[in-house]
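Single-structure report; data block below.
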Amino acid sequence: MKTPLTNSVVSRALAARAHWHPLEILFWVAAFSSIWLFPGKYLILTEIALLALFALSLDLILGYAGIVSLGHAAFFGVGAYAAALLAKHELVNEPVLALIVSGLAASAVGFVTSFLVLRGTDLTRIMVTLGVAFVFRELANQNGWLTGGADGLQGVTMQPILGLFRFDMFGHNGYVYCLTVLFVMFLLARRIVNSPFGLSLLSIKNNPLRASAIGINVNFRLVAIYTIAAGYAGVAGALLAQTQAFASLAYFDFDRSADLLLVLIIGGTGYLYGGLIGAFVFKFMHDYLSVLTPQYWPFWIGLLLVVIVMIGRERITSWTLPFRKLGGRLDWRRYRKDGA
Amino acid sequence: MTAKLRVTWLRFATAALALMVSGAPVYAQETVKVGLILPLTGPFAPTGRQIEGGVRLYMQQHGDKAAGKKIELIVRDDGNVADATKRIAQELIVNEKVSVLAGFGLTPLALATAPLSAEAKIPQIIMGAATAIIPDRSPYIVRTSMVTNQITVGIADWAPKSGLKRVVTLVSDFAPGIDIEKAFSERFKASGGEIIEQLRVPLANPDFAPFLQRVRDAKPEGLFVFVPAGVGSIFMKQFVERGLDKSGIKLIGTGDMTDDDILNNIGDVALGLITSHHYSAAHPSALNKTFVADFKKTNKMRPNFMGVGGYDGMALLYKALEKTKGNANGDALVAAMKGMSWESPRGPISIDPATRDIVQNIYVRKVEKKDGELYNVEFQTFNAVKKP
Numbered sequence: 022m023k024t025p026l027t028n029s030v031v032s033r034a035l036a037a038r039a040h041w042h043p044l045e046i047l048f049w050v051a052a053f054s055s056i057w058l059f060p061g062k063y064l065i066l067t068e069i070a071l072l073a074l075f076a077l078s079l080d081l082i083l084g085y086a087g088i089v090s091l092g093h094a095a096f097f098g099v100g101a102y103a104a105a106l107l108a109k110h111e112l113v114n115e116p117v118l119a120l121i122v123s124g125l126a127a128s129a130v131g132f133v134t135s136f137l138v139l140r141g142t143d144l145t146r147i148m149v150t151l152g153v154a155f156v157f158r159e160l161a162n163q164n165g166w167l168t169g170g171a172d173g174l175q176g177v178t179m180q181p182i183l184g185l186f187r188f189d190m191f192g193h194n195g196y197v198y199c200l201t202v203l204f205v206m207f208l209l210a211r212r213i214v215n216s217p218f219g220l221s222l223l224s225i226k227n228n229p230l231r232a233s234a235i236g237i238n239v240n241f242r243l244v245a246i247y248t249i250a251a252g253y254a255g256v257a258g259a260l261l262a263q264t265q266a267f268a269s270l271a272y273f274d275f276d277r278s279a280d281l282l283l284v285l286i287i288g289g290t291g292y293l294y295g296g297l298i299g300a301f302v303f304k305f306m307h308d309y310l311s312v313l314t315p316q317y318w319p320f321w322i323g324l325l326l327v328v329i330v331m332i333g334r335e336r337i338t339s340w341t342l343p344f345r346k347l348g349g350r351l352d353w354r355r356y357r358k359d360g361a
Numbered sequence: 134m135t136a137k138l139r140v141t142w143l144r145f146a147t148a149a150l151a152l153m154v155s156g157a158p159v160y161a162q163e164t165v166k167v168g169l170i171l172p173l174t175g176p177f178a179p180t181g182r183q184i185e186g187g188v189r190l191y192m193q194q195h196g197d198k199a200a201g202k203k204i205e206l207i208v209r210d211d212g213n214v215a216d217a218t219k220r221i222a223q224e225l226i227v228n229e230k231v232s233v234l235a236g237f238g239l240t241p242l243a244l245a246t247a248p249l250s251a252e253a254k255i256p257q258i259i260m261g262a263a264t265a266i267i268p269d270r271s272p273y274i275v276r277t278s279m280v281t282n283q284i285t286v287g288i289a290d291w292a293p294k295s296g297l298k299r300v301v302t303l304v305s306d307f308a309p310g311i312d313i314e315k316a317f318s319e320r321f322k323a324s325g326g327e328i329i330e331q332l333r334v335p336l337a338n339p340d341f342a343p344f345l346q347r348v349r350d351a352k353p354e355g356l357f358v359f360v361p362a363g364v365g366s367i368f369m370k371q372f373v374e375r376g377l378d379k380s381g382i383k384l385i386g387t388g389d390m391t392d393d394d395i396l397n398n399i400g401d402v403a404l405g406l407i408t409s410h411h412y413s414a415a416h417p418s419a420l421n422k423t424f425v426a427d428f429k430k431t432n433k434m435r436p437n438f439m440g441v442g443g444y445d446g447m448a449l450l451y452k453a454l455e456k457t458k459g460n461a462n463g464d465a466l467v468a469a470m471k472g473m474s475w476e477s478p479r480g481p482i483s484i485d486p487a488t489r490d491i492v493q494n495i496y497v498r499k500v501e502k503k504d505g506e507l508y509n510v511e512f513q514t515f516n517a518v519k520k521p
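Chains as they are written, first to last, in the working numbering: chain A, 22 to 361; chain B, 134 to 521.
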């Protein structure tokens, strides 16, 4: 007789986790209003949206399953080359469909390589993921007949999105497209992490041994989330290839994976928004400084990163405390709950 | 959502149309903005700094006005990442409303931007990249640097006539490298030489040891080398460390290897090296003497072929603006640039009206020591070499 009771308790707890906080709604309203607010900034906004999606992907495995990766660019690159090749050889002409196919391709690669990260500690995982990214970069470099080698994949022409919206030079349609994809993928990720599956991942992250002792199939879940995250990274890469109509070896670069970790360190892991906020802060800093001083910006960005880490992430989140309090006051569900 | 999207898109389309129809405001503008996109950080930063140095020197010598228009330079760093180059170019066109794009240190960076210059109808002046196909990718590309198969002409003709008949080639495995390998081999065979082996080394982080061993085993009379600017000195050091200089194999190549900026750092191992190229800091002309002296003064380094590429790119823009009487319209500028000919620090040059590519003298040079510094001293000239 106890089972239904626990079930209802569990499902209520899950529902509480999954409810939309007013600040979240505000966040997305702000994100979408950027389409009308900053018409001259579409290109950098597009890059932010792409980086955010990519960071979301890493957050899924790092923040929720505790897998450290320094080679996440491997999936980004696979997705990008898949999208560029599909368009170039006119295999899948419609970008949204091609995006899905590219994501699946990256997922497949993620599934195969996921078995490599099941074993070992953080350090071995860093080595393995790094190695996988190097292998893919070199594969793309060596198979110049397919990928264009060090010159990048040239001559890609993108068809209009859904047959209606051309990728214009101002980057307007490209940005709306990327932001929409980011939002949809975010909703999906939110659903995943707030499901029982997501909770079981968190328990694996906290203590894998204990998780397996209470009957969670640890390996199966890690493979699953790694595959999903690879798909996310692949979609991010495919979006970049589609908006740029181009793919290059730089997509596999170590820098890209390392930058991604920085983004998550800036934004914080394990709450999905970390990647999005981190991407915004990182790109904005990057762009602002490199315009200000084209030759010496890496110095300033390095300095700022050190400062951010020295101050500590806790404090960065604490900057938002007043807003969160305000958000809590605005939360109508609380009153409803009290009333009930 | 869709309806809103379409409305916004429509608004954009009309705005774009309005911009196109009203060409007049562009004429009337008193400033001509030039977007200079270069690799200013990372391994190819020296290339970017040379070009920027050349551009700034030209503006310093000739003032920031051409045909009454103020020339405004906007410098951006792409870190040698092609998608960044393209994004920056797009931003410069859309937000800064630049009339001209310039720079482009390496081939992938130039190619990635080509579709944009074609779409926006904006001149794209290539000041560094060298692959032959670049100007074919957009009718608005004009080049003031050099073409891979143009700079090989000198050495491929000279070598067989000087007794180097059996040669191994070694190039970096990317478009310009393969271009050069092909161009050199064809010309070299036509002049009576024989290629016994063709080696390709990876572009990034090359380790030459295994390749040099293969060269030694093949026992050629000469070794022809092309590697990107900067990698040349690493190659030469390994060549000497492995004792190949004493094994009777003569090292020849294009001038990238003995680039004037780094030649002194390579040191005496480079003495006697024979290369062919379009520019040497030792070029004996009054114009070049001033150029080298001024460049050294403002940039604290010796100009190399990238520096002169930037200098001449700017010269081309100034001259084209004077010809169009200040009209910065893309079509007008490109039309004015076609067939333009003038005296550069490297010697007489012109823009081929058919290909929009540079026509210039190619010199065969030997590394010699003058006043305690190493120089490429020119000893044979091939006049007005076109892209073959």
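Quick reminder that beta carbons are idealized off the backbone N, C-alpha and C, glycines included.
- Our two residues, LEU183/A and VAL334/B, have alpha carbons roughly 43 angstroms apart in a direct line.
- Against chain B, a Cβ distance below 8 angstroms from GLU68/A picks out ARG220.
- When beta bridges are read from the DSSP output, GLU501/B appears opposite TYR508/B.
- Less than 8 angstroms separates the beta-carbon of GLN316/A from that of THR174/B.
- The DSSP-derived three-state label of LEU160/A is helix.
- The Cβ atoms of LEU384/B and VAL358/B sit closer than 8 angstroms to each other.
- For ALA108/A, not one C-beta of chain B is nearer than 8 angstroms to its own C-beta.
- Close to chain B, meaning a Cβ-Cβ distance shorter than 9 angstroms, is no residue of the stretch 204-219 of chain A at all.
- Under the Cβ distance rule, LEU167/A does not count among the residues neighbouring chain B, no pair being separated by less than 8 angstroms.
- At a cut-off of 8 angstroms between beta carbons, GLU224/B contacts chain A.
- Taken through DSSP and simplified to helix, strand or coil, GLU330/B comes out as strand.
- In this chain, LYS520/B is not harboured by any alpha helix (DSSP H), its DSSP state being neither H nor E.
- Relative to LEU345/B, the option among ALA316/B, ILE367/B and ARG220/B whose CA is nearest is ILE367/B.
- When 8 angstroms is used as the limit between beta carbons, PHE307/B is near these residues of chain A: GLY170, ALA171 and ASP172, in chain order.
- Comparing C-alpha distances from LEU225/B to each of ILE121/A, SER90/A, THR134/A and GLY61/A shows the shortest one belongs to GLY61/A.
- Counting along the chain, the unbroken alpha helix (DSSP H) around PHE344/B starts and ends at 342-351.
- Classified as buried, VAL130/A has 16 or more neighbouring CB atoms from the shown chains inside 10 Å of its CB.
- Of the candidates ILE399/B, ALA263/B and ARG270/B, the residue whose Cα lies closest to the Cα of GLY310/B is ALA263/B.
- In this structure, THR391/B and THR408/B form a Cβ contact; the two beta carbons are roughly 5 angstroms apart against a cut-off of 8 angstroms.
- For LEU285/A, the enclosing alpha helix (DSSP H) covers residues 275-288.
- Taking the C-beta atoms as reference points, VAL122/A is found no nearer than 8 angstroms to VAL133/A.
- If you draw a straight line from the Cα of ALA127/A to the Cα of ALA104/A, it is about 10 angstroms long.
- When C-beta distances to chain A are compared with 7 angstroms, the residues of the stretch 192-215 of chain B below that value are VAL208, ARG209, ASP210, VAL214 and ALA215, in chain order.
- Two segments are said to touch when three or more pairs of C-beta atoms, one from each, lie closer than 8 angstroms; by this definition the stretch 195-214 of chain A touches the stretch 68-82 of chain A.
- Where PRO309/B is concerned, the enclosing alpha helix (DSSP H) starts and stops at 308-323.
- Beta bridge pairing from DSSP links SER474/B with SER483/B.
- For ASP290/B, the closest of LYS502/B, ALA517/B, TYR508/B and VAL497/B by C-alpha to C-alpha distance is VAL497/B.
- Within 10 angstroms of the beta-carbon of TYR309/A lie fewer than 16 other beta-carbons, which makes it exposed.
- Two segments are said to touch when three or more pairs of C-beta atoms, one from each, lie closer than 8 angstroms; by this definition the stretch 46-59 of chain A does not touch the stretch 201-213 of chain B.
- Look at THR285/B: its C-beta is not under 8 angstroms from any C-beta on chain A.
- Within the stretch 257-269 of chain A, those residues whose Cβ lies closer than 8 angstroms to any Cβ of chain B are, in chain order, LEU261, GLN265, ALA266, PHE267 and SER269.
- In the three-state reduction of the DSSP assignment, LEU185/A falls in the coil class.
- Taking 8 angstroms as the CB threshold, GLN316/A lines the interface with chain B.
- Distance from the Cα of LYS370/B is smallest, within the candidate group GLU511/B, PRO339/B and ASP197/B, for PRO339/B.
- Along the stretch 76-149 of chain A, the alpha helix (DSSP H) occurs as fully enclosed runs of 4 or more residues at 94-109 and 116-138, listed in sequence order.
- Interface criterion not met: the Cβ of PRO272/B is under 8 angstroms from no Cβ in chain A.
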